[in-house]
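Structure record follows, encoded as structure tokens.
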Amino acid sequence: IEQSALQNDKLAMLGKIAAAIAHEIRNPLTSIRGFIQLLKPYLLEIGKEEYARIILTEIDRANDIIYEFLNSSKPSAPMKQAASIEHLIREVVMLTESESLLRNCEIMVESFQSDAVVSIDIKQVKQVILNLLKNSLDAVEEVQALRRGRIDITLNSDGEYVQIVIKDNGKGMDKATMNKLFDPFFTTKQAGTGLGLSVSYRIIRNHGGTIRVDSEVGSGTAFTIYLPLAE
Ligand code: ADP
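Quick note on the UniProt record's numbering: the sequence shown kicks off at 234 and runs consecutively.
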């Protein structure tokens, strides 16, 4: 599936909008934060310091969301360095541990290419693996009444590319969904942004790689990422 020029334009525009909004919202948030700090002693006096804590936590959360949104939509050239792809994958799997426990999902990593080194922007590629794993966790959660969730990550290489397969036994998807998968803002989730896969696709393309998807409704989905091996 190719990501069209139109989709790239959409993402570039989104990046600009995100940056502008982030700026316009962050400034007022910063002053609200400052004034709440000043009000803290008065709230303490009337036994309501809890209010200050909640307001500050929520402001920080809003800031985090803006930051994440900005980060995921901003098109940036990869800052490449040599990295072990297996190490990176295991690190991301560790990051999702609490979430996979919560959803009673088992994640297995099998590597046939433990020494595979790729030249990548580590942060960006981690983001891709994380996006795919989160999608798989969502997909297995939806069928957890039927079977235990399982995600298999397999690492392989053909001498030119490393191949990372992320396969889940989740709800799968139909052809119509598969066709729109990489479109910015396409989502079937209530609280989804529809940005995860379009951003992932662009990141992998910027690394000279590709992403493929195979899926079957009711039985699961496999994403395959190809990344060129480092010289
Ligand atoms: P979001 O996760 O915010 O919806 P994405 O771009 O990551 O955005 O995904 C787009 C859509 O692709 C999802 O809403 C879902 O319908 C579908 N999808 C992605 N990964 C999977 C998967 N592993 N299994 C089933 N459906 C998936």
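Virtual Cβ for every residue (Gly too), placed ideally from N, Cα, C.
Predicted, not measured: the structure shown is a model, and the values here were computed from it.
Original post:
If you measure from the CB of Ala409, is any heavy atom of ligand 1 nearer than 7 Å?
Top reply: Taking 7 Å as the cut-off, the C-beta of Ala409 does not count as close to any heavy atom of ligand 1.
Original post:
Is the segment 327 to 346 touching the segment 379 to 391 in the sense that three or more CB pairs, one from each, lie closer than 8 Å?
Top reply: With a cut-off of 8 Å on Cβ pairs, the segment 379 to 391 is in contact with the segment 327 to 346, counting three or more such pairs.
Original post:
With C-beta atoms as the reference, is Asp354 less than 8 Å away from Pro417?
Top reply: No, Cβ-Cβ distance for Asp354 and Pro417 is not below 8 Å.
Original post:
Does the Cβ-Cβ distance between Leu277 and Tyr284 come in under 8 Å?
Top reply: Result no, Cβ atoms of Leu277 and Tyr284 do not sit closer than 8 Å.
Original post:
Would the beta-carbon of Gly442 be found less than 7 Å away from any heavy atom of ligand 2?
Top reply: What this structure holds is ligand 1, not ligand 2.
Original post:
Do the CB positions of Val376 and Lys400 come within less than 8 Å of each other?
Top reply: Val376 places its beta carbon 8 Å or farther from that of Lys400.
Original post:
Which of the three DSSP states, helix, strand or coil, is assigned to Thr290?
Top reply: Three-state result, Thr290: helix.
Subject >> Counted within 10 angstroms of its Cβ, other Cβ atoms place Ala424 as buried (16 or more) or exposed >> reply: Counting of Cβ neighbours within 10 angstroms places Ala424 among the exposed residues, the total staying below 16.
Original post:
Hey, out of Val350, Lys367, Glu257, whose CA is closest to Asn296's CA?
Top reply: Residue Glu257 is the option with its Cα nearest to Asn296.
**OP:** Within its chain, find whatever has a CB closer than 8 Å to the CB of Ser452; leave out the 5 residues flanking it on each side and keep chain order.
**Re:** Cβ neighbours of Ser452 beyond the five flanking positions: Asn402, Gly405.
Original post:
Using a Cβ-Cβ cut-off of 6 Å (strictly less than) and excluding sequence neighbours within five positions of Gly427, which residues of its own chain qualify?
Top reply: Excluding residues up to 5 positions away in sequence, Phe418, Phe419, Thr420 lie with their Cβ nearer than 6 Å to the Cβ of Gly427 in the same chain.
Subject >> Limits of the alpha helix (DSSP H) - the one that Lys408 falls within >> reply: Per DSSP, the unbroken alpha helix (DSSP H) holding Lys408 starts and ends at 408 to 413.
Subject >> Chain-order list of residues whose beta-carbon lies under 8 Å from that of Lys413 (same chain, five-residue window excluded) >> reply: For Lys413, where only same-chain residues beyond five positions count, the Cβ hits under 8 Å are Phe419.
Original post:
Roughly how many whole angstroms lie between the Cα atoms of Thr263 and Ala251?
Top reply: Near 18 Å, if we compare the C-alpha coordinates of Ala251 and Thr263.
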